[in-house]
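Novice: Protein chains in written order, with my numbering: chain S, 1 to 183; chain D, 1001 to 1183.
Ideal Cβ placement from N, Cα and C applies to all residues, glycine included.
Here it is: the structure, laid out below.
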């Protein structure tokens, strides 16, 4: 069971600013079964665990229109055409959303947000020695409050469900492995 | 910054089997800025870390049409109208995808797959004392290979990127906390 399904046909089914939808008619190599599968196409995403030398983590608080709640997350966003790499996008997002830059950047890991129907990946970085360097540069409609919290408190917020974004939880999974010296 | 954005208008913009798309025109309570936000509506999702008494974890291997690759994941899926609760959905998904049932079920945690534009949550369960009890019952087009691996090996597969689904990584984050006795 290693041969990929063959795509017989692929048609564009919608454009929605942050993603587009494609319908792939594919056939199983083992059974010949075929049907149409919904695929959500998006750019790759990045997120950043930014840590100050005082051991605080940068959180961003904003209203999220998916769940219609304010959330606590780490900075992040999409890789743009103008970004030369995911790391470049991560640096840009940190700067734009918080006005911070960082002394050192370490790639922590990559996850697939949902391989069942999403094409993209999410790249997580650790930014150490974060410090304020410029003004935030938000998109229209972005209203972001930057919050610094000691690492131990951030981990408790996650365990308590106050931080619930799956890609942030995955980022801290990678961070835990990094701290344990395994990556 | 606690008052929610007001939704002025909400219109249905597409139906795609596994999700639908809604466009919300919303206005900021603090600035009066308004624009349209894309929202992906789906049912809640569940996933299951199922562990045999021999300390093995159940993995499922299948072709995923989002990334067009075979993936290793834990069993999971969507909460159906016929499921009385997320736990009921998790039991059903484990049974359907693997033919296994389990002796005890523990809720580990809940994440939001992407609150920026997705409405739903993902509920993770730990199913202990998993054992084969029935035949798999797959949907048309589902071709799933069930793989049992020792827990230590599964953790290594995640660290090595062989298991990369963000919601699976988040599930093991919760599992780590549970094992440490913190939930």
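Since residue 1089 of chain D meets chain S, which of its residues come closer than 7 Å, beta carbon to beta carbon?
Specialist: Chain S residues near residue 1089 of chain D: none, gap ~16 Å exceeds 7 Å.
Novice: For residue 1138 of chain D, count neighbouring C-beta atoms within 10 Å of its own C-beta (all shown protein chains included) and say buried if the count is 16 or more, exposed if not.
Specialist: exposed
Novice: Say whether the region 77-84 of chain S touches the region 168-178 of chain S, bearing in mind that this needs 3 or more beta-carbon pairs closer than 8 Å, one atom from each stretch.
Specialist: no
Novice: Count Cβ pairs between the region 44-61 of chain S and the region 1018-1033 of chain D that sit closer than 8 Å; are there 3 or more?
Specialist: no
Novice: What three-state label does DSSP hand residue 1075 of chain D in the structure shown?
Specialist: coil
Novice: Where do the ends of the alpha helix (DSSP H) carrying residue 157 of chain S lie?
Specialist: 151-159
Novice: Using beta carbons (cut-off 8 Å, strictly below), is residue 1169 of chain D in contact with chain S?
Specialist: yes
Novice: Determine, for residue 47 of chain S, whether the minimum Cβ-Cβ distance to residues of chain D falls below 8 Å.
Specialist: No, its Cβ sits nowhere closer than 8 Å to a Cβ of chain D.
Novice: At 9 Å on the CB atoms, spell out the chain D contacts of residue 30 of chain S, in chain order.
Specialist: Contacts between residue 30 of chain S and chain D, judged by CB atoms closer than 9 Å, involve 1143 in chain order.
Novice: Look at the Cβ atom of residue 16 of chain S, then the Cβ atom of residue 1038 of chain D, and state whether they are nearer than 8 Å.
Specialist: yes
Novice: Where does residue 94 of chain S land, buried or exposed, given buried means 16+ other C-beta within 10 angstroms?
Specialist: buried
Novice: Counting only Cβ pairs nearer than 8 Å, list the residues of chain S close to residue 1066 of chain D.
Specialist: 39, 40, 112, 114, 115, 116, 117, 118, 119
Novice: For residue 1178 of chain D, does the three-state DSSP call read helix, strand or coil?
Specialist: helix
Novice: Would you mind reading off the limits of the beta strand (DSSP E) that contains residue 86 of chain S?
Specialist: Taken as a continuous stretch (DSSP letters only), residue 86 of chain S belongs to no beta strand (DSSP E), being part of the alpha helix (DSSP H) at 86-98.
Novice: What residue range does the beta strand (DSSP E) around residue 105 of chain S cover?
Specialist: First-last of the beta strand (DSSP E) with residue 105 of chain S: 104-111.
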